[in-house]
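Letter by letter, the sequence shown follows residues 12 to 662 in my numbering.
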Amino acid sequence: MKNLKVVTLIVGLFLASWTQAATLYVGVGAQCNASNHYDNLALALLEAAVNGSQNDEIRLTNTVNYIGGADGDNVLTDFNPANRGELTIVGGFANCNSVSSSGITSIGGSVGAVFDLIGQSVVTLRNLQLTGSQNRGLVVREGSSVFLESSDVSTNVAGIRVLGGGYVSVDEFSSISSNGDLDDIPKGGGIWCFENNSVVNVAGSVANNQAVEGGNIHVESGCSVILEAGAEIKGDRFGGFTYSAQFGGGIMINDGGELFAGGGMERVLITDHRAVLDGGGIYVRGTGRATLINTYIAGNVTERDGAGLFAIDGGTVTEQVLMDRANTCPNLISCSEFENNTFTNNVVHIENSKVRIQRTLFDRNQYFFNTFDFNGLVTVIQGGVLQMSHSNMINNEAHFLIENFSNSELSHITAVDNYTNGESGGIEDSFVWFSSLGNLRFENSIFQDTQGGMNAPTTSPNISGKCNLIDNSNDWPVGSFTIGTAMFNNVPGGDARQLASSDGVDMCQQDTFAWSIDRDIEYQVSPVNEATNPQGDPGESGGLYDAGFDEVYDNIGDDEFLLTVQKEGSGEGFVISDPLGISCGSDCTEVVFNGTLVTLSATATGNSEFIGWRSCPLVNGSNECLISVTESTTVFAEFQPDDLIFSDNFE
Numbered sequence: 012m013k014n015l016k017v018v019t020l021i022v023g024l025f026l027a028s029w030t031q032a033a034t035l036y037v038g039v040g041a042q043c044n045a046s047n048h049y050d051n052l053a054l055a056l057l058e059a060a061v062n063g064s065q066n067d068e069i070r071l072t073n074t075v076n077y078i079g080g081a082d083g084d085n086v087l088t089d090f091n092p093a094n095r096g097e098l099t100i101v102g103g104f105a106n107c108n109s110v111s112s113s114g115i116t117s118i119g120g121s122v123g124a125v126f127d128l129i130g131q132s133v134v135t136l137r138n139l140q141l142t143g144s145q146n147r148g149l150v151v152r153e154g155s156s157v158f159l160e161s162s163d164v165s166t167n168v169a170g171i172r173v174l175g176g177g178y179v180s181v182d183e184f185s186s187i188s189s190n191g192d193l194d195d196i197p198k199g200g201g202i203w204c205f206e207n208n209s210v211v212n213v214a215g216s217v218a219n220n221q222a223v224e225g226g227n228i229h230v231e232s233g234c235s236v237i238l239e240a241g242a243e244i245k246g247d248r249f250g251g252f253t254y255s256a257q258f259g260g261g262i263m264i265n266d267g268g269e270l271f272a273g274g275g276m277e278r279v280l281i282t283d284h285r286a287v288l289d290g291g292g293i294y295v296r297g298t299g300r301a302t303l304i305n306t307y308i309a310g311n312v313t314e315r316d317g318a319g320l321f322a323i324d325g326g327t328v329t330e331q332v333l334m335d336r337a338n339t340c341p342n343l344i345s346c347s348e349f350e351n352n353t354f355t356n357n358v359v360h361i362e363n364s365k366v367r368i369q370r371t372l373f374d375r376n377q378y379f380f381n382t383f384d385f386n387g388l389v390t391v392i393q394g395g396v397l398q399m400s401h402s403n404m405i406n407n408e409a410h411f412l413i414e415n416f417s418n419s420e421l422s423h424i425t426a427v428d429n430y431t432n433g434e435s436g437g438i439e440d441s442f443v444w445f446s447s448l449g450n451l452r453f454e455n456s457i458f459q460d461t462q463g464g465m466n467a468p469t470t471s472p473n474i475s476g477k478c479n480l481i482d483n484s485n486d487w488p489v490g491s492f493t494i495g496t497a498m499f500n501n502v503p504g505g506d507a508r509q510l511a512s513s514d515g516v517d518m519c520q521q522d523t524f525a526w527s528i529d530r531d532i533e534y535q536v537s538p539v540n541e542a543t544n545p546q547g548d549p550g551e552s553g554g555l556y557d558a559g560f561d562e563v564y565d566n567i568g569d570d571e572f573l574l575t576v577q578k579e580g581s582g583e584g585f586v587i588s589d590p591l592g593i594s595c596g597s598d599c600t601e602v603v604f605n606g607t608l609v610t611l612s613a614t615a616t617g618n619s620e621f622i623g624w625r626s627c628p629l630v631n632g633s634n635e636c637l638i639s640v641t642e643s644t645t646v647f648a649e650f651q652p653d654d655l656i657f658s659d660n661f662e
């Protein structure tokens, strides 16, 4: 029977023009005796290759061992719509003719890559574990595309290599894990991507991989890596090995590479890496670029510089790194965050590069090794440029918040309850800065529980500022500060937003930085005229902007109104506003300027559905309410269970 199948395959080379799409099974045993059943994957691939330009699916059953032998490595050529059609390989079938997959199939264990795609092939790999290869688990090149669905690339000499315009998609149920070696794999133990038009899209997990540079991911020379909301890039600092890489424990973005972390309702997570030298979480070099939106960088360690972020040699014309939040994040203030990173010299290191950090939280980072070494949360040296606004430094252990030896501009910063170990062994407040070169300017910020500056301001270095609310004037330039007391919501609980009665509310005029933004950490528009504080007393006369990272919206003035969303029904769901401010759920009210156009979007969750709006002046589509706020208004959103039985006994 099997010999007859081989003859059929040869004949098929000449008859491909009239063949149709096929479902092929790989299996042995009594149930595997039909014409579309094959003893091994190689035979099934040969049949799919001669089956014209139809899209074929190969189903791997549990009756065959795919580790080593003929099925251990496979070169897939010309599986594209124009030639052989697209190909899907699915594992986890119990036997031939099983209609659904119920598990995962392991394949690999040979010298070559488990799958090597060339010739613009388009292949979906589903319910597979690519493992045990003495090469990369997966190689994608020559414009080919792979879609990993509920699949795992693990315990290979290295994980995935993408080049030559290749494309790889890693869905939310897939992982690239435990590949690579700290000494033997030079780049990207998990994923190495390079050459023009190469793209990797990750929604799942890249975890516990090792390499010399870029333990989990290495990006360079024309490749773009996109981390979708919920993607997790994770190290193994608490597991079987301590180091992820020499440089760039989590991700290395080298010359010509681009990284876009696009967190939304879920953040992108870059956590728990340890670098021997620099860049525990992310290392960006040269013409590499990183955009980090709604990104959580936490638990990373470096024994030199940049426990969270290391940026070098990107120049000062364009931003090498942008870190910010988006209005889609449901978290109040912790959308973009550096948390609990452990460092020797700094959490963020900027050297001959331009970095902008906006609407970002630094909390509970700490240093180790020599207690009395100079170290800081952010260090800017040798041609570096830092632009930071609407950010919060809270409960960090650091000698200095900012070490500046180049050019730094900071606006709307709130720093409170940061500390260091003093020379006498006790806990002391952190210094705001140490600066011996360049220019350092603070505006519209709050610095509480500090020792002020470390060195006296002079014309060189040029340390200057305006409208800063501070509690310690040590070495602050004349005219740059106001002594006062800020009042916060709950600093021990991590919430350093001001109360409406705080001295910093309505304290400042607009900052002077052309790059600055007028949306605060909550993505609320500023300024807002609070009725509780005299404008600019203390502070700048006529001030409307709050000092610090958050604009208080508690007590509205004459030019503002209160917009409220009230949920109705017994179903589950939430409402988000644009501009951001309402996330109801938890935050169902927002103060907005007179005449502001607000879009409310309703989303049902669980086994519920959104029924509709009440008191909405303009309904847009199935779930949006458009409202121009000219008075305090309440809008009602109804959610009901999708199996609700009405009084007439119909759904």
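Glycine included, C-beta positions come from ideal geometry on N, C-alpha and C. Note that this is a predicted model, so its numbers are computed, not measured.
Under DSSP, residue 115 forms no beta bridge with any residue. DSSP places residue 269 inside the beta strand (DSSP E), whose first and last residues are 269-273. Beta-bridge partners of residue 652 (DSSP): 619. Judged by beta-carbon spacing, residue 186 lies beyond the 9 Å limit of residue 209, meaning their Cβ atoms are not closer than that value. With contacts defined as CB atoms closer than 9 Å, residue 638 and residue 582 fail to qualify as a contacting pair. Within the same chain, 517, 538, 540 and 546 come within 7 Å of residue 555 by CB-CB distance, once the 5 residues on both sides are set aside. DSSP lists 587 and 598 as the bridge partner or partners of residue 594. For residue 510, no beta strand (DSSP E) segment is defined, and its DSSP state is neither H nor E.
Going by beta carbons, residue 299 and residue 231 fall inside the 9 Å limit. Distance between residue 440 and residue 268, taken at the CA atoms: about 40 Å.
Segment contact: the segment 517-528 against the segment 496-503, fewer than three CB-CB distances shorter than 8 Å; contact not assigned. For residue 52, the enclosing alpha helix (DSSP H) starts and ends at 52-60. Partner residues in the beta bridge of residue 377, as assigned by DSSP, are 353. Judged by DSSP in its simplified three-state form, residue 428 adopts coil rather than helix or strand. When DSSP states are grouped into helix, strand and coil, residue 169 belongs to the strand group. For the beta strand (DSSP E) assignment, the uninterrupted runs of no fewer than 3 residues enclosed by the segment 177-218 are, from N- to C-terminal side, 178-181, 186-188, 202-204, 210-213 and 216-218. Counted as a single uninterrupted DSSP element, the beta strand (DSSP E) harbouring residue 396 occupies residues 396-405. Taking the Cβ atoms as the reference, residue 342 lies roughly 31 Å from residue 296, outside the contact range of under 8 Å.
Spatial neighbours of residue 309 in its own chain (CB-CB distance under 6 Å, excluding positions within 5 residues in sequence) are listed in chain order as 282, 350 and 351. For residue 327, no beta strand (DSSP E) run applies, since DSSP gives it neither H nor E. Cβ-Cβ distances below 6 Å link residue 263 to 224, 225, 229 and 294 in the same chain, with the five nearest sequence neighbours on each side left out; the list follows chain order. Under the 10 Å beta carbon count, residue 253 is surrounded by fewer than 16 other beta carbons and is classified as exposed.
Taking the Cα of residue 133 as reference, the smallest distance to any Cα among 68, 74 and 162 is reached at 68.
The three-state secondary structure of residue 67, taken from DSSP, is strand.
In the structure shown, residue 517 adopts coil according to DSSP, grouped into three states. Here residue 614 really is in contact with residue 585; their C-beta atoms are around 6 Å apart, less than 8 Å. DSSP places residue 80 in the helix class (H, G or I) of the three-state scheme.
In the structure shown, residue 501 adopts extended strand secondary structure according to DSSP, grouped into three states.
For residue 619, the CB contacts under 7 Å within the same chain, skipping 5 residues up- and downstream, are 582, 583, 584, 650, 651, 652 and 653 in chain order. Under the DSSP assignment, residue 309 falls in the beta strand (DSSP E) whose first and last residues are 306-309. In the three-state DSSP reduction, residue 280 falls in the strand class (E or B). Remark: C-beta atoms of residue 135 and residue 104 do not approach each other more closely than 9 Å.
In this structure, DSSP gives residue 47 a state outside helix and strand, which the three-state scheme calls coil. Collapsing the DSSP output to three states places residue 101 in a strand. Check the Cα spacing between residue 616 and each of 596, 207, 255 and 605: the tightest is with 596.
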